[in-house]
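Chemist: Starting off with a structure, shown below.
Residue numbers (my numbering): 114 to 177.
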């Protein structure tokens, strides 16, 4: 279990480092980023639920 927690912390740090290093907004689909950071995406009628490999989940409302 402790190894799993350390792995999750490492992935969070990697994601933070990546986001800090980006000098532009991500506006297009990037397969490499998806494969590296995202565990799953659930599509609902009114939102998307994104779960990152670090087990952090974010809901994004769909534009109307």
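Just so it is clear, CB atoms sit at the ideal spot from N, CA and C, and this is done for glycine as well.
Would you list the one or two residues that DSSP bridges to residue 143?
Modeler: Locating residue 143 in the chain shown gives position 30, counting from the first residue. Looking at the DSSP assignment, residue 143 forms no beta bridge with any residue, so it has no partner.
Chemist: Is the distance from the Cβ of residue 175 to the Cβ of residue 159 below 7 Å?
Modeler: In the chain shown, counting from the first residue as 1, residue 175 sits at position 62. In the chain shown, counting from the first residue as 1, residue 159 sits at position 46. Result yes, Cβ atoms of residue 175 and residue 159 sit closer than 7 Å.
Chemist: Between which residues of its own chain and residue 173 is the CB-CB distance below 7 Å, once the five residues before and five after are set aside?
Modeler: Your numbering for residue 173 matches position 60 in the chain shown. Only 160, 161 and 163 meet the Cβ criterion.
Chemist: Taking the C-alpha atoms as reference points, what is the distance between residue 117 and residue 165?
Modeler: Numbered from its first residue, the chain shown carries residue 117 at position 4. Numbered from its first residue, the chain shown carries residue 165 at position 52. Between residue 117 and residue 165, the C-alpha separation is close to 14 Å.
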